[in-house]
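In my numbering, the protein residues as written are 1 to 153.
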């Protein structure tokens, strides 16, 4: 099986470059020092201003190719904004629960099916729940008094 090389070059461009390693090294250099990053950022800003349509086209293509990355990044940003936990904290909770729902102890088909359970008054995170348990808990919290009245009969 062939290994894909993701350096932004196609096969004939790679073939034409006599010293591919030197090219790759130069390409990485821009990120090494703050001065190089600043130069590269300024160059890209000017290029984007001149080539707005092409830049937008490239951004759309990149987004389409890496949609799952963008979705995941937005998901963790939402966790941080709403619940005050970052990716590492979420992963720590996930590992503590061994990838299982905190209530029913079932493993969802995908990790994305977990909901972050939190106290709505204090916003403190209690754990991760599967969709069913999260819905049931929400329903129970809304109807708690009615349920207790019924059970006291």
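Every residue gets a Cβ at the ideal spot worked out from N, C-alpha and C, and that includes glycine. Just so it is clear, the structure is predicted and the values come from calculations on it, not from any experiment.
- In the DSSP assignment, residue 126 falls within the unbroken beta strand (DSSP E) covering 125 to 129.
- Residue pairing by DSSP places residue 85 opposite no residue, since no beta bridge is assigned to it.
- When beta bridges are read from the DSSP output, residue 116 appears opposite 128.
- Scanning 120, 66, 105 and 115 for the CA closest to the CA of residue 134 turns up 115.
- With a threshold of 16 other beta carbon atoms within 10 Å, residue 82 falls short and is exposed.
- The DSSP-derived three-state label of residue 62 is helix.
- Collapsing the DSSP output to three states places residue 121 in coil.
- Looking at the backbone, the Cα of residue 118 and that of residue 19 are separated by about 56 Å.
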